[in-house]
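This report refers to the structure that appears directly beneath it.
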Amino acid sequence: MRLLLRTALLLALVASPPLAVAHPADAFSAKKVFVRYVVDRCPMEEGEPCTVWRLRLSDGRMVRLPDAVAPVATPHGSQVAYYRRSDGALVVHDVTTGKVRAVPGRWSPAASPLKYLSPAGRFAVIGASYQVVDTSTRQVHTLPFTPDRAISFSPDNAYLIARRPPVAGRPEVAEVFSTTTWTVVRRGSKFGALRMGGAVVAYIDAETAGKPAYVRFWDLTTDKPAGTPVTIPANEFPQGLFWDRADHLDVVSYLPRKFHHGMIVRGSGYRWRRATDHLRILDTVIPKERRTSAVKGSVTS
């Protein structure tokens, strides 16, 4: 089994069950539709390249993206961005309405690969230097440094947090930018999924061998811990954290295969829990398709 993932909100090729998108509470009973996971036709046994991407949606439908190159999704999977194979246009696809809108300007999929798509598809992050593109206005914003590993947007897109590359002798620093002024409004020593207001992050602490994984909170204003850590259940391996506008925090975890007397009784998959509501289970996905791809979640550390 193999998993090829960028550190992005990325649809990535896998031969094992996919990472998935963390859906907001009651997503499956609401009118809005979300991507649960992705099925594609690559690699084929004959070595053919990737062809048609298919999105398995929360309402049960399968949507084809015949012209998509390397799609990326928003944290909750309501929007997908990709380069259009036919003309190289950068587009944002709303999976609820099916509407596809092109971002103004000319783009180069080879020179500026997609890395992230912010909530509601407002900002797309492209290229090795992590340029931030406003998908409505086409304005391109360049951060003063190339982020280390990942970035995260607040649910309302008012802020983004990026971690500076480590430098010998200097502590790790994460910087919060206003997406109105594109200036640094806050600094702290921890990086994670950015909450509304841009002052608190949630991060996964799974670095101590033999101990359970935790979701922890950090106040960037005081640069100190905040709130009560949340313990992840045994045999679930957290992969991503997702805040929403209602201040809910969801965690998506990998579920390994389950065996009984040497027999597989459950395939591997992913589970969504509401971390801020006693780890209530929102959804569990055990894909049946042989070839699946993943929606890379928000922030893992």
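Under mature numbering (1 follows the signal peptide of the UniProt record, and there is no 0), residues -22 to -1, 1 to 279 are what the sequence shown spells out, in order. Each residue gets a CB set at the ideal place from its N, CA and C atoms; glycine is no exception. All values reported here derive from a predicted model rather than from experimental measurement.
When DSSP labels each residue in this structure, what does residue i get in the three-state scheme?
i	result
P203	strand
A212	coil
G99	helix
I104	strand
M241	strand
P49	strand
V247	A quick correction: the sequence has Gly, not Val, at residue 247. Residue state, collapsed to three classes: strand.
residue 285	This structure does not reach residue 285, given that the chain is present from -22 up to 279, and the question cannot be answered.
S114	coil
G38	coil
T161	coil
A187	coil
S56	coil
G176	coil
T124	coil
K77	coil
D228	strand
L68	strand
Please report the straight-line C-alpha distance between residue i and residue j, rounded to a whole angstrom.
i	j	result
N213	R258	16 angstroms
G83	R116	7 angstroms
I264	T161	43 angstroms
A128	P190	24 angstroms
A204	W196	5 angstroms
F131	P97	7 angstroms
R79	F237	46 angstroms
L227	R252	6 angstroms
P234	T262	12 angstroms
A46	T200	44 angstroms
G38	H71	18 angstroms
T209	H256	10 angstroms
L260	S107	35 angstroms
residue 297	L219	No statement about residue 297 is possible, as the shown extent of the chain runs from -22 to 279 and does not include it.
M22	V16	The pLDDT assigned to M22 is 44, lower than 50, so where the model puts this residue is not dependable, and the model offers no usable value.
D222	M241	39 angstroms
I139	R42	33 angstroms
residue 282	R62	Summary: the structure shown does not reach residue 282, with the chain confined to residues -22 through 279, and so no result is reported for it.
V163	A177	9 angstroms
A187	V193	16 angstroms
S86	V154	28 angstroms
V229	I182	9 angstroms
A88	W250	34 angstroms
H239	G147	52 angstroms
L95	T159	20 angstroms
Taking a contact to mean a Cβ-Cβ separation below 8 angstroms, would you say residue i touches residue j in this structure?
i	j	result
K10	T52	no
V30	P44	yes
L92	A59	yes
G99	Q57	yes
T157	N135	yes
A180	A171	yes
G76	F12	no
Evaluate residue i with the Cβ neighbour count: other Cβ atoms within 10 Å of its Cβ, from every protein chain shown; 16 or more gives buried, anything less gives exposed.
i	result
R141	buried
G66	exposed
P144	exposed
T206	exposed
P122	exposed
P149	exposed
P216	buried
P211	exposed
R231	Just to set this straight, residue 231 is Ser in the shown sequence, not Arg. With 16 or more Cβ atoms within 10 Å of its Cβ, S231 is classed as buried.
Enumerate in chain order the residues of its own chain whose CB-to-CB distance from residue i is below 6 angstroms, with the five nearest sequence positions on each side excluded.
i	result
V110	F101, V103 and H119
F169	R141 and A152
D126	R141 and P143
G166	A152, L198 and D201
S90	I104 and G105
V69	R62, V78 and A80
Could you check whether the Cβ of residue i sits closer than 7 angstroms to any heavy atom belonging to the ligand HEM?
i	result
R142	The ligand HEM is absent from the structure shown, which contains no ligands of any kind.
Closer than 7 angstroms by C-beta to residue i: which residues in its own chain qualify, once you throw out the five before and the five after it? Chain order, please.
i	result
G247	P(-6), L233, T262, V263, I264 and P265
S64	D45
A3	No answer about A3 holds up, because its pLDDT of 45 lies below 50 and its placement is not dependable.
Within its chain, find whatever has a CB closer than 8 angstroms to the CB of residue i; leave out the 5 residues flanking it on each side and keep chain order.
i	result
residue 331	Nothing can be reported for residue 331, as the shown portion of the chain is limited to -22 through 279.
L35	V11, F12, V13, R14, V41 and V73
T124	A106, S107, Y108 and P143
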